[in-house]
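Enquirer: First, the structure itself, so that you have it in front of you.
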Amino acid sequence: MPETFDVVWLGRGGQGGVTAALILAQAAMSKGYYALAIPFFGAERRGAPVFAYNRLSKSTIYSRARVRAGDVLALLDPSLTGVVDVRSLVKPGGVLVVNSRGSVPGLEGLGRGQYCVDALEIAEELDLKVAGIPLVNMPMVGAVGRVSGLFELHDLLEATKAQIKAMLESNLRAVEEGWRRVEKCRC
Amino acid sequence: MPETFDVVWLGRGGQGGVTAALILAQAAMSKGYYALAIPFFGAERRGAPVFAYNRLSKSTIYSRARVRAGDVLALLDPSLTGVVDVRSLVKPGGVLVVNSRGSVPGLEGLGRGQYCVDALEIAEELDLKVAGIPLVNMPMVGAVGRVSGLFELHDLLEATKAQIKAMLESNLRAVEEGWRRVEKCRC
Amino acid sequence: MKLLLTGNYAAAYAVRDAQPDVISAYPITPQTPIIEKLAEFIDSGELKAKFVRVESEHSAMAALIGAASVGARTYTATSSQGLLYMYEVVWWAAGARLPIVMGLVTRALGPPWNIWSDHADFFTVRSSGWTMLFASSAQEVYDLTLIAYCVAEHRDVLLPALVAWDAFEVSHTYEPVELVEDATRLLPPKGAWAPPLAAEDPASLGNLAYPEEYAETRRLMVEAVRRVPLVFAEAAGRLRELTGRDYSRGYECYRCEDAETVFIAMGSVYGEVRSAVDALRARGVPVGALKVWLYRPFPYEGVARVLDGKKMAIVLSRTTSLGAMGPLATDVATALALKGCSVKLVEFSAGVGGVDVTEDDVVAMYKAALEREGGTYFWRGR
Amino acid sequence: MKLLLTGNYAAAYAVRDAQPDVISAYPITPQTPIIEKLAEFIDSGELKAKFVRVESEHSAMAALIGAASVGARTYTATSSQGLLYMYEVVWWAAGARLPIVMGLVTRALGPPWNIWSDHADFFTVRSSGWTMLFASSAQEVYDLTLIAYCVAEHRDVLLPALVAWDAFEVSHTYEPVELVEDATRLLPPKGAWAPPLAAEDPASLGNLAYPEEYAETRRLMVEAVRRVPLVFAEAAGRLRELTGRDYSRGYECYRCEDAETVFIAMGSVYGEVRSAVDALRARGVPVGALKVWLYRPFPYEGVARVLDGKKMAIVLSRTTSLGAMGPLATDVATALALKGCSVKLVEFSAGVGGVDVTEDDVVAMYKAALEREGGTYFWRGR
Amino acid sequence: MAHRVFPREEYLLKGHVACPGCGAAVMLRHVLKALGPNTYLVIPACCTSVIAGPHPRSAFRVPVLHIAFAASAAAASGMIEALEKLGKPANVVVWAGDGGTVDIGLQALSGAAERGHNIIYICYDNEAYMNTGIQKSGSTPHGAWTTTTPSGNPGFKKDLPGIMVSHRVPYVATLSPAYPNDTFAKLRKAASMRGGLKYLHALTPCPPGWRYDPSLTIELSRLAVETGMWVLYEVENGVFRLTGPSRALLEKGKRKPVAEYLKLQGRFRHLSPEDVERIQRMVDENWERIAEMLKEGGEHSSEQG
Amino acid sequence: MAHRVFPREEYLLKGHVACPGCGAAVMLRHVLKALGPNTYLVIPACCTSVIAGPHPRSAFRVPVLHIAFAASAAAASGMIEALEKLGKPANVVVWAGDGGTVDIGLQALSGAAERGHNIIYICYDNEAYMNTGIQKSGSTPHGAWTTTTPSGNPGFKKDLPGIMVSHRVPYVATLSPAYPNDTFAKLRKAASMRGGLKYLHALTPCPPGWRYDPSLTIELSRLAVETGMWVLYEVENGVFRLTGPSRALLEKGKRKPVAEYLKLQGRFRHLSPEDVERIQRMVDENWERIAEMLKEGGEHSSEQG
Amino acid sequence: MSRSAGVEKILARPTVGAVLSGGWRAERPVVDASKCKLCGVCWLFCPDAAVEVSEAGVVIDYDFCKGCGICARECPFKAITMVSER
Amino acid sequence: MSRSAGVEKILARPTVGAVLSGGWRAERPVVDASKCKLCGVCWLFCPDAAVEVSEAGVVIDYDFCKGCGICARECPFKAITMVSER
Ligand SMILES: Cc1ncc(C[n+]2csc(CCOP(=O)(O)OP(=O)(O)O)c2C)c(N)n1
Ligand SMILES: Cc1ncc(C[n+]2csc(CCOP(=O)(O)OP(=O)(O)O)c2C)c(N)n1
Ligand code: SF4
Ligand code: SF4
Ligand code: SF4
Ligand code: SF4
Ligand code: SF4
Ligand code: SF4
Ligand SMILES: [Mg+2]
Ligand SMILES: [Mg+2]
């Protein structure tokens, strides 16, 4: 079995986790990776916690089994820590990237640590919203892409252009800001 | 394969061929025969030629294949001779029993010969009709039952009682008259 | 009591004797006489059931699902297009574990339209979890319909059951049928099984189940199906005591012991096969015949035991095999493969769409089978 | 062109590239994204088709029958209950010899409701005469959908064809998909087959046929089905020339040559099987894997050739086997029985209703199979 | 001079397989004469599947798609869309029995009506499932004997034309084989209207099913209209109009008593005088409703936008 | 004091799986409160199949039969007959979405109506296939965006209550989650009527499907009535009556402009002022029809006996 | 462009005389030319298209006339009588 | 009379909290008891049955309230405000 680099995206229905996974996969594909972007297979409703996943590899991935934990856990909504068992979603050597100003209490000592980016602030600055819900996914793409160590910012911007039509300019800005502002959390 | 005694009933939709076969089978059953009464398996409409069959045997009949020719061919409507290939419906040693005053032209030399009974006259005498169509089937039961050599008149009358509810008296009379009036055709 | 009954009327008498609470059906040739006779029984008061004259077969089966879910004993009958139109809810009834009983008069599938016998309709539900019985005479229709209630409502089973028989050759042919004097001695008492739904003890039947929960419901169905042969044998044993007629093995063997070739068939054609066996035996050819009554669950072991050591098995399939061997033949093949026996297997699609198959046909098939390789052949007649 | 597409979108792209005239479909999870994407293509003008937004699946298939009967190229897609609700007309389409193409996203059958993958729906139409293909990735969905048109419309075939793939694991997972640059180089030209109905030359399709006439229509279907493997191989050969991807045998073997045990599977679980083969091989265990693309007509000979001389065949069935071995396993059994090979045959019902099956599961099944007798086992996970 | 007025071409050929005196066969002859050869028929399971003749012979001189019982309107939907896409304009006509329309075919019909395909849907109503041997359908009239209602139908005939009016289709009309002028006018109107489903509903007597002498078919068709049991009308874009002889029957005195119609038919033989009286009242009430509707200006009413 | 007026018992338990602000969930709470515990629900595939909770947990405190999409009215028919035969009287209630009613469930509904089973059928209408992610149904209003009508629905909403009136069922009524008094009165009337199918149709806003903020559900329900887009009425044995706030809206001036209702919803965002004007006209015409009908004495009209 | 793969065989072709329905008849309609006014009513209402009307008179095709008697009953001039086939 | 053959297992039982829907909430409704007149409107329109009204006041069950905001919008006395969960 080829080793894969896995990302788990955790957010709420409507926040755009699947799109984020798709853009990351697009970036990976352009870099010659074989890339999967996988939505959660559920019957969830708006507002409920939802997952998306990436699985990336230098060789063809045949497996379609569920992703259980990520090298990166991208937490789009920190309030979900009380709702979902977040710890189990990170591989032993993995990291957390969270949409938050500071480190999320209760997740100390998780994998190789926590990265923070205030994606909500970025989305609001750029007025990125759909049906009233701030699109925190785009800054998270920038943040996760950077933390993963697999991409240049350029890759992510090109991938965004390939996948996004509406509000493209703001979305590109959001990715860029996510990339720029992500940092190891202050605890 | 056990030898079976077969009767082919040929009439028109509405003339009661199936009922005739059923009564004959009932009479046979009471005499200890294993008896089948078989309607034609078709999608025919009112007025079209229709078949019914009997297959009688002293032992259980397992076969459900089509009856191709009879030891007796009971022709309820002589005008059908022009429409159906009547000859092929009689076994080499079989006989024809026809609802007619005299022998039917064109069927000479058929099997062991032709028997006639004016079933129409009997039905009309007894005012046996359904939806305007004279029920020639009951006199034919009497005639065929007698010609077959397998039954007493009593058997046929009991069988009629077992199977018929409406106009029972006239029906019994019709069977009896058929039995009485059937005779080798004058040619 | 012995009556002259067609296969369809035999079914109606069995249903009368089982006294269901709710009947629902939709007319289709050649099933129609069953429901007409039942309507008569209800009209005359001999049968105290509610008759729901639905607007389609899908609704007929759905009505029975609704009725059985609150505890009613139920019946429907259909054929061909009718079975296919209710197909979705046929599977639903099994998943819901409701002991519905259905009669199926086998008939060819269109287009072109054809009203004669063909088992294609029957085989469509072979993986659904229904107990499937096949009758080859009116007497068997009567007996197996009563047994179907015994199996379906048994607490170890609780799955729907169907009884099938051939259009016209059985459905419309009158033959002597012996009725069971007191069917209550055979049948489970009414209300012996607890219905899933009751206002006193509310529950939901069918909520969305996530994979593991769903798989568990299916595993339990597998276990219930595994218990069918035993329950069937038990009920058939009770019938044997009352009547002397024995279905308990789920299949019948005829002159198989010392046979080198065994014919395998279901339904009315079996009569011809039997005659052909006698005819071939009379010429010194060692053949036998096996008739299947209990088609699902399929008696792999019994069939394999019968066939073990034979030279050839000839399956008469009353259906067209498209892109694979026919269902009955694959079942036989599976029995052989599981037992590791090597028997030449020849299938004839014979009697498709009501084509008449005679003893002579069967003898001719035997000869053809000797000359051909294993596989499926379409029998066009001689 | 390489795009990141889900299995469902891959289907929609293939359909766009085939440029059908009439599309008709009814929504059902997990098929819905296909028709939503097609609606988008039509809205944007990329696809010039009429979209009939029917009120049920029965009507979706019926609409395509009406459309194809006068010569339209057509498409529909469905899943689970939807396939069962259109079941009657699925058979009708085959009998009418109309080259309709359908996508089937496999999903479990209720009750209870369950939206995840299970192949029970797929198998229900295995005797209908449809050409049946199974894809285990989005790329295969795209390729096989185009091939389906080639096979269905071929003058030697003229039968409907379906392509199936797993709910979610394939239907909703984005992966890189390479499109065919100019699909017209692969596909038959539009209007190459003569439609049955035309006012200029009136004929009736489906008049009541008496037994012999009916049987003849079925015999001709058998012959058409027999020609499918060749036509499939031909179309797959054209695709190979354009893309290098090869489906022409109808199945794929992985490390089978010197294997003693061969896993057999269809769909997304094959990925896990492949990994398990590598893992077991790494430990020196001689195993291989066989994936079926062309399920009907079933490649008996090819499969038997692969399995001949092996010790064991392990079939992974993504469906519950009720009263008989699962369909794929019986097909394998039949292949073995016809060839007279004696190979131990073990079936696992695994992944039922969307249960996740992993490489470790497959390895564990291998171990369990060694210890058990031939037969079917329900895999509850480890 | 009927043969000068109406087209002589036959599209339902002699030697078809209807029973002697079949009302549906008369109707079908008229319908096809009105529509001509560029007409595709879609026929679900019904007597006409048999009437059409045994394969490989066909009694139809127009293309016919036989289709599963529940599927006719959907098949016609797909067919008209295909013909339009392929640039082959034609009449696409569903010809279905009452069972195939008011019961098992209703859903497909309702869907096609809602989508507004340019098809003509004709229900020939013999008021039961006849092809299977006279079972009650949703269109069987109150009190009628059938094999599944051995003591008479306890229910009431579903008003399908009314239901189709509620669907707001552009054209709804009723037909009778006794009034070919009316039939031709309505069919030609329907064929000329582009867009939307045109629904026509014909009452077609059936000698074996209704239990009467086959020579009475036209007589019964006429009596159905003259007694007011069957009303000839059309509803064009919501506007209701009586047509043909029904125009003269608003006044109760002009209508023959329903008993004249009922007494000729074996299926009503068991009715008591009170039963007949009740049926007479139902018919009269229906005409009162019609009168009100006409006062209202012919606009068909319903409640909800 | 609402909690004093309406039963406090909950039969739809908290922790169910509807989206936040689901109008159907509000409606369902009210319906079950009105009917009480001796109520069997029959539910075809729809959002409520999910709302009901994941197996083996149920959010319903009454017995529920989940059933195939097309089968609900038929299953209810069999269930009520069985309960009557077994001597266990109860409310048998179908709770179905608009897709499951006006499209795929229509045939079974029509059959059950014709047969006259003693059941209550409730359609909760969120105007699209929501459970599968917002596809057009036969109940989707003209112009509305759905994923299968990316440029707005070219067709028109099927008038199912009107169609059920044409079926001559004893009771037809419309409902809104914003008017619980009206709901309770109608449900209790329906439950008290013996014999015949009672048809109720509720307009239930859906935040994700209609693209609006979930807090607006009741507000939108109210606006639908106040603008006259949704009319509260009942038809009892053929007699039409406006109910609740709709009684006061016959005069055009009393009705709010439809734009107030449309503009809050994302699904109508793409409508041009002319589109809105057209919809306003359709609504006004519908009210004119209602006015005429009321003049006529409230009797619902149709053409055929 | 010919039909292949046996598809031609599933089509039924327009045929005068799909069945020989004249054989179903128990009574035959006989036209009295002297009474006939060539009005065409019999032609119009015959369910079986078995009537031809021309200047030469009314001709009934007994190969296909089923003997229903509609023509006789509907003829405004009582020009047709039904005669038993026996 | 007990259910057998595993049939009990296909039934779902009434359960408060089929899912923990409180976790879906992005904003929580907070009641200002001083403004509340105990009119019950919030109780009546809550889709999630998450409101209790008694003499003691209005209590919202945050385990199941999904934060839709209907109660806040419909409260005739503006006694409820929505507060972000963040
Ligand atoms: C799904 C299905 N169910 C039942 C049938 C059987 N069937 C064929 S024709 C017919 C009766 C049709 O009745 P109707 O539509 O009124 O036409 P009629 O025969 O009276 O002319 C029936 C029940 C069928 N072909 N398909
Ligand atoms: C036969 C069948 N076709 C399709 C589906 C998929 N399906 C499930 S729910 C649903 C949508 C239901 O729409 P509606 O009745 O309006 O209820 P809603 O979801 O909007 O509440 C669909 C299409 C199904 N379950 N069964
Ligand atoms: S049964 Fe009636 S409708 Fe059918 S063909 Fe005969 S007369 Fe015509
Ligand atoms: S999609 Fe709409 S109707 Fe369905 S649960 Fe959500 S809000 Fe309710
Ligand atoms: S109806 Fe009478 S008068 Fe008229 S053409 Fe016929 S036979 Fe002559
Ligand atoms: S008797 Fe009937 S079938 Fe013969 S010509 Fe007259 S109307 Fe036609
Ligand atoms: S609606 Fe407002 S005032 Fe009324 S009970 Fe609720 S919080 Fe109190
Ligand atoms: S926010 Fe919504 S769910 Fe929460 S209590 Fe208020 S109305 Fe109920
Ligand atoms: Mg009819
Ligand atoms: Mg909906």
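Protein chains in written order, with the working numbering: chain A, 78 to 264; chain B, 78 to 264; chain C, 2 to 383; chain D, 2 to 383; chain E, 91 to 395; chain F, 91 to 395; chain G, 211 to 296; chain H, 211 to 296. Cβ coordinates follow ideal geometry from the N, Cα and C atoms, glycine included.
DSSP three-state call for Y110(B): helix, strand or coil?
Expert: The answer is coil: DSSP assigns Y110(B) none of H, G, I, E or B.
Enquirer: Write down every uninterrupted run of the beta strand (DSSP E) in the region 158-237 of chain C whose length is 3 residues or greater and which is fully enclosed by it, in chain order.
Expert: 162-167 and 176-179
Enquirer: Reducing DSSP to helix, strand and coil, say where I24(C) ends up.
Expert: strand
Enquirer: Measuring only the C-alpha atoms, how far is A172(F) from A69(C)?
Expert: 8 Å
Enquirer: With C-beta atoms as the reference, is A166(F) less than 8 Å away from A200(C)?
Expert: no
Enquirer: From Q394(F) to V95(B), what distance separates their C-alpha atoms?
Expert: Note on Q394(F): pLDDT 35, under 50, position unreliable in the model; the coordinate value appears next. Whole-angstrom Cα-Cα distance: 41 Å.
Enquirer: With contact counted as at least three CB pairs below 8 Å, one residue from each stretch, are the region 90-105 of chain B and the region 229-243 of chain B in contact?
Expert: Verdict: yes, contact present.
Enquirer: State yes or no: is the C-beta of P1(C) within less than 8 Å of the C-beta of V152(F)?
Expert: Since the first and last residues shown for chain C are 2 and 383, residue 1(C) lies out of range.
Enquirer: Check the DSSP bridge columns for Y351(F) and list the partner residues they point to.
Expert: BP columns for Y351(F) are empty, so no partner.
Enquirer: Find the residues of chain G that neighbour L125(B), judging by a C-beta separation of less than 7 Å, and give them in chain order.
Expert: One point to set straight first is that residue 125(B) is Ala, not Leu, in the sequence displayed. Using a Cβ-Cβ cut-off of 7 Å, A125(B) is close to W234 of chain G, given in chain order.
Enquirer: Is there a C-beta anywhere in chain D that falls below 8 Å from the one on R296(G)?
Expert: no
Enquirer: Report the residues of the region 119-130 of chain D with a CB closer than 8 Å to any CB of chain A, ordered along the chain.
Expert: none
Enquirer: Starting from Y101(F), trace the beta strand (DSSP E) both ways and give me its first and last residue.
Expert: Careful: Y101(F) lies outside any beta strand (DSSP E) and carries neither H nor E.
Enquirer: Is Y192(B) helix, strand or coil by DSSP?
Expert: strand
Enquirer: K276(G) versus chain B: which residues are under 7 Å apart at the beta carbon?
Expert: G124
Enquirer: Suppose the cutoff is 6 Å on Cβ atoms and the five residues either side in sequence are ignored; what does the same chain contact list for G228(F) look like?
Expert: V192, D193 and K248
Enquirer: Kindly indicate if chain G contains any beta-carbon less than 8 Å away from that of V181(B).
Expert: no
Enquirer: What is the DSSP secondary structure of I116(D), reduced to helix, strand or coil?
Expert: coil
Enquirer: Using 7 Å as the cut-off, classify the Cβ of Y86(D) as near or not near the heavy atoms of ligand 10, replying yes or no.
Expert: no
Enquirer: In terms of residues, what are the limits of the alpha helix (DSSP H) holding L371(D)?
Expert: E360 to E372
Enquirer: Is the beta carbon of M220(F) within less than 7 Å of some heavy atom of ligand 4?
Expert: Set against 7 Å, the gap from the CB of M220(F) to the closest heavy atom of ligand 4 is smaller.
Enquirer: With G299(F) as the anchor, note down where its alpha helix (DSSP H) starts and where it stops.
Expert: P297 to W300
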